[in-house]
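Please read the structure below before turning to the comments.
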């Protein structure tokens, strides 16, 4: 799966034509709960939820994310 990033949108204006283009600058990586080292499978039967140790054992969806997510395995530059 491709990595997701929070991006900064930078508008660029061409002086001679007045056209506006947007350049996107990658910032921090988004870590989904399914890939986070703080999340573990929920022990309840037939549950797709995860339990987040960082947020006091809160139930989360696998495709959720938060600002404190950390990848399970450190990856090289993506």
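In the numbering used here, the protein residues as written are 4 to 81. Beta carbons: idealized from backbone N, C-alpha and C, even for Gly. Being a predicted model, the structure only gives us computed values, none of them experimental.
Task: Contacts around residue 12, its chain only, beta-carbon distance under 7 Å, and the 5 residues preceding and following it disregarded - done: Closer than 7 Å at the Cβ level, and outside the excluded window around residue 12, lie 25 and 27.
Open item on the list: Once the 5 residues before and after residue 16 are set aside, which same chain residues still bring their CB inside 6 Å of it?
Closed with: 23
Task: Boundaries of the beta strand (DSSP E) in which residue 25 is found, first to last residue - done: 23–33
Task: Classification of residue 42 by the beta-carbon crowding that lies within 10 angstroms, buried from 16 upward - done: Answer is buried; the Cβ neighbour count reaches 16.
- [ ] Using 10 angstroms around the beta-carbon of residue 47, count the other beta-carbons present and answer buried if the total reaches 16, otherwise exposed.
- [x] exposed
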